[in-house]
Amino acid sequence: MRFSPSATRTALAAALVAGVALGGAAGVAAGNTVTIKGKLKGASLASANVMAMGKTTGVISTKARKGAFTLKLPSSFKKSGATLHIIRANGTYAAPIVLRRKGGAKKSENQAGGTGYQGLSGSAGNLDLGTVAVSGGAGTPSAPAPTGATSSAGVPLRANGAPQGAGKLGLVVMTGATDDGVTQGGDADKDGIVNAVDVDINGNGILNDQDTATQASPSAGIQPYLFSSLLIPYAQATTANADAFEANVQEYLTVNFGASGSGASALPSLSVDCRGVVWCATAEVATDAYGYPFDTPWPKDAAGLYTVGHRLNGPNYDIGLLPNQPPSAIAVGSTFAFVAGSQTWALAMGPYFQASPVLTQMGTTALGNNRPASISVARSSVAITLLRPLRAPVPGAETGTAISMGTLNYKVLVQDSRPGLSGPPAYCPSAAFSGLSSTLAPLSSPLSSIPPGYALADSAPDAAPGPDRTISFTVDLTKCSGANGSPAAAPAASVKIDVIAQDEANNEASTQGIPLTLQ
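Heads up, my numbering is the position in the sequence shown plus 16, with the first residue counted as 1.
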């Protein structure tokens, strides 16, 4: 996933400062370090992690023991307005901790619980928060921090005392959102969920990866990322069979960890701490292209972290992995730590594809789940109707097992499928399409704004799945050209066309391949 100007694929660049001696008095004091302790309430949080995240300082975390935790933070963290977060033992994000609250149901319905203060002030000293209970998606200490220990920037609280985005991974519409530079530990839309975790950073109700507004200004520097792709073969694509749906994710979902951007190639190494996420620790390498054998366990480094190597013949760190798990075992909001020498970043997994675009009609012929090996169509124009792809829902903000995705870009590739004759695919530009369904429109600059070949944009919003959640178009295969813009050639008698859907961040992608026999 990518946010702006840092990105989701969650691009975060911040040095981790460590090894500073303890100092400072209780509550409010000057000093080089600050110690924060408390006890998480409830058996489910007895072994959770508590993480401190500054706006520009990276992250420091500690594992609770029988709920008790102690964090020792360098002065740079409190100067950077560090906030505290609870990560469950299984690696999923649980809650931000609201250090102090003020006021009540006075200002507006959206601020019925008053104002919450989450960040440390530069003068914060040692804090004992007492018992921290989680309710409504937010942590509340029995011993709130004193006024001088928290930053002056607050967020509106719901009537239950939780920030607006708490318990929803930030998928909430906010008014008056401001640009805080979109740093790792900042909160651009003031919903109480830091940018590293927030799935909707600008608070407009659209997921980061699908939102053009959050993709307008890519960040400079090192950009760690986490994204997924799903390529389901034509014969396995399904519209109805729940068992097949689960099996397809388990068989074909790929998750990529990596880092790109200025400075990424100079990193001494890059590793991932799975933070209790089971599928991460048991994942297998998706392809030999990463320098490790396909279908073998993800290698570890000397520190026991999982290694992200350089892609072969490339400058950036990257690795594709097969979780080999059904959707029920791959949680949105799972958090990971990227470690590169003295630098550490936090990343959270956003909603991922659970189903590719599914072909439901070719021309006037409707197709069920029992599909012919190849579909016979006219040689030039091919009329196609597809169900939109599905993604995982955002916990706490969306219901159901899957969400039908709008606001995606689409492209069509044409590949000669005759044995021994396949070569580079042909790309179909926007001029090759006609008969677009109501929410589809040609992209004005398909070769510059997004990767070559993305020709159509779908303006429909996300919604619950249903048989009416379709897009349709006609593509003239004779107008599709080579990858280098070479003139179109008459398509072969036997071809495969790939319909590929991708988000605005150019990360998450899902593909449906369709075998055709041209008459």
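All C-beta atoms in this analysis are idealised placements derived from N, C-alpha and C, irrespective of residue type, glycine included. Remember, predicted model here, so these are calculated numbers, not experimental data.
Item to check | Sequence-distant residues of its chain with Cβ nearer than 6 Å to residue 171 (five each side left out) | outcome: 132, 179, 206, 208
Checklist entry - Opposite residue 518 in the DSSP bridges: which residues? => result 425, 525
Item to check | Beta-carbon gap between residue 366 and residue 474 smaller than 8 Å | outcome: no
Next on the checklist: Buried or exposed for residue 135, going by 16 or more other Cβ atoms inside 10 Å?
Outcome noted: buried
Next on the checklist: Given a cut-off of 8 Å on the beta-carbon distance, is the pair residue 372 and residue 342 in contact?
Outcome noted: no
Next on the checklist: Given this structure, state the Cα-to-Cα distance separating residue 396 from residue 413, to the nearest angstrom.
Outcome noted: 45 Å
Item to check | Opposing strand residues paired with residue 300 [DSSP bridges] | outcome: 313, 338
Item to check | For residue 110 and residue 117, believed in contact at Cβ under 8 Å, the rounded distance | outcome: Not really, about 19 Å apart at Cβ, beyond 8 Å.
Next on the checklist: Looking only at its chain, what residues have a beta carbon closer than 7 Å to the beta carbon of residue 295, apart from the 5 residues adjacent to it on each side?
Outcome noted: 339, 341, 345, 346
Next on the checklist: Quick check on the DSSP output: the alpha helix (DSSP H) that includes residue 460 runs from which residue to which?
Outcome noted: Unbroken run through residue 460: none, as it is neither H nor E.
Checklist entry - At what residues does the beta strand (DSSP E) containing residue 53 begin and finish? => result 49-56
Next on the checklist: To the nearest angstrom, how far is the alpha carbon of residue 471 from that of residue 487?
Outcome noted: 14 Å
Item to check | Neighbour-count burial assignment, residue 94, 16 or more Cβ in a 10 Å radius | outcome: buried
Next on the checklist: Using 8 Å as the threshold, is the C-beta distance between residue 137 and residue 155 below it?
Outcome noted: no
Checklist entry - On the three-pair Cβ rule with 8 Å, is the region 212-220 touching the region 76-83? => result no
Next on the checklist: Checking 8 Å against the spacing of the C-beta atoms, do residue 115 and residue 68 come in under that value?
Outcome noted: no
Checklist entry - Rounded to whole angstroms, how far is the Cβ of residue 274 from the Cβ of residue 334, which I believe are closer than 8 Å? => result 4 Å
Item to check | alpha helix (DSSP H) runs contained entirely in the region 356-415, provided each spans 4 or more residues | outcome: none
Item to check | Closest Cα partner of residue 65 within the set 72, 187, 102 | outcome: 102
Item to check | Extent of the continuous alpha helix (DSSP H) to which residue 91 belongs | outcome: 91-95
Checklist entry - Between residue 432 and residue 512, what straight-line distance do the alpha-carbon atoms span, to the nearest angstrom? => result 7 Å
Checklist entry - Which whole-angstrom value is the C-beta distance of residue 411 and residue 349, which I expect to be below 8 Å? => result 6 Å
Item to check | Stretch pair the region 353-363 + the region 296-310: three plus CB contacts closer than 8 Å | outcome: no
Checklist entry - Do you know offhand how far residue 190's Cα is from residue 216's? => result 10 Å
Checklist entry - What does DSSP give as the partner residues of residue 543 in its beta bridges? => result Past the boundaries of the shown model lies residue 543; the chain is included only from 17 to 535, so the question cannot be answered.
Checklist entry - Can you round the beta-carbon distance between residue 177 and residue 152 to whole angstroms, since I take them to be within the 8 Å contact cut? => result 7 Å
Next on the checklist: How far does the beta strand (DSSP E) with residue 101 in it extend, from its first residue to its last?
Outcome noted: 99-103
Checklist entry - When the Cα atoms are used, what is the spatial distance from residue 204 to residue 284? => result 31 Å
Next on the checklist: Less than 6 Å between C-beta atoms, sequence neighbours within five positions excluded: which residues of the same chain meet that for residue 368?
Outcome noted: 244, 408
Item to check | Distance between beta carbons of residue 157 and residue 145, contact taken as under 8 Å | outcome: 4 Å
Checklist entry - Going by beta carbon distance, what residues of the same chain come within less than 6 Å of residue 515, once the five residues before and after it are set aside? => result 373, 428, 528
Checklist entry - Residue range of the beta strand (DSSP E) that residue 65 falls in? => result 65-69
Item to check | Cβ-heavy atom distance, residue 349 to the ligand FMN, below 7 Å | outcome: The ligand FMN is not among the ligands present in this structure, which contains no ligands whatsoever.
Checklist entry - Would DSSP call residue 472 helix, strand or coil? => result strand
Item to check | Cα-Cα separation, residue 270 to residue 306 | outcome: 13 Å
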